[in-house]
Every structure is written in C-alpha cells, then in structure tokens.
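Numbering (the numbering used here), first residue to last: 17 to 171.
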C-alpha cells in the first residue's frame, strides 16, 4: 500500500518542479486582480478591515509568494511550480475541492505544449501503474471547463 505522498513523488519525479506552499489567505486586492467576484470568495473576518479572503491553492494563492519576492540574476527560466491542497470557493459544494495546481512561467507556447504533453504522458504512465482500471488524463482548454473549474484556468 502506498501513501499519497509516495504516489505524488512517483508521478512528479519525471519533471523538474519547485514545490510551493502558498499562503491560504489573500488580501482583497489580490483576488480583485484576478477579477474574482465578492460572492465567489470565502471571506475570513477576525477583526481585520477589510476581511481576508480564504483562497487556498488557487491562482491568487500562487501569486502571493511572488508579490514581494525578487528573482536573482542566476534564476533560470522557465520556472515550473507545483502546489497541492484545498481550494476554496462558494461555487463548489462544501466550499472546498482538492486539486493540484501547476504554475509555469516564461515558456514559449510551442515549448509549453511539448512540456505539458510530456508531463501528461508521464502522468498517464504513472497512473496506469498505480491503478489497474483504465485511468488516464485528458487535456482541457479553458473554454471547456465547467463554471466552477474555470476560476483556476489562466491563459
């Protein structure tokens, strides 16, 4: 029996990623930058004015570490970040959904497609070893996502 951490390691060892554990709360200005509506966001109020937004592992949460970070001259691009955990939204049953987010910075579109395809094939291979049933991945464009999924898509 394998733990989920062991499965994740097998799946993502094939690609070189930087693990990122973003903050779970964001100021309203950050969620506004993503054009999230007030009624899409779970508000957290503990005396703060304005209240913080509970974002979890979502695009606003992934942006936060970069707001004050400076990249050095030795930083090489493209950067590939991986984060996993719960994302929170009022649009999803129970206000939470478990998912994995990957942030890819400074990739040319042609290079990005080949990298994502290689990643998908690696993921398919790992899933087929872990699960005997027909497990596979499917690529979806942002316009193919359901409304509760589309907040996680950036183009």
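The C-beta atom is built at its ideal place from N, Cα and C for all residues, glycine as well.
Fair warning: this is a prediction, and the values are worked out from it, not measured in the lab.
Given a cut-off of 9 Å, decide if residue j and residue i are closer than it, judged by their beta-carbon atoms.
i: residue 49; j: residue 69; result: no
i: residue 46; j: residue 76; result: yes
Secondary structure at residue i, three-state DSSP: helix, strand or coil?
i: residue 71; result: coil
i: residue 59; result: strand
i: residue 41; result: strand
i: residue 81; result: helix
i: residue 138; result: helix
i: residue 76; result: helix
i: residue 173; result: This structure cannot speak to residue 173, because the chain is shown only from 17 to 171.
Rounded to the nearest angstrom, what separates residue i and residue j at their Cα positions?
i: residue 72; j: residue 40; result: 4 Å
i: residue 1; j: residue 25; result: Residue coverage of the chain in this structure runs from 17 to 171, which leaves residue 1 outside it and unanswerable.
i: residue 53; j: residue 81; result: 22 Å
i: residue 22; j: residue 59; result: 34 Å
i: residue 63; j: residue 57; result: 18 Å
i: residue 144; j: residue 44; result: 41 Å
Measure from the C-beta of residue i to each C-beta in chain B and report whether the shortest distance is under 9 Å.
i: residue 79; result: Absent here is chain B; the protein component of the structure consists of one chain.
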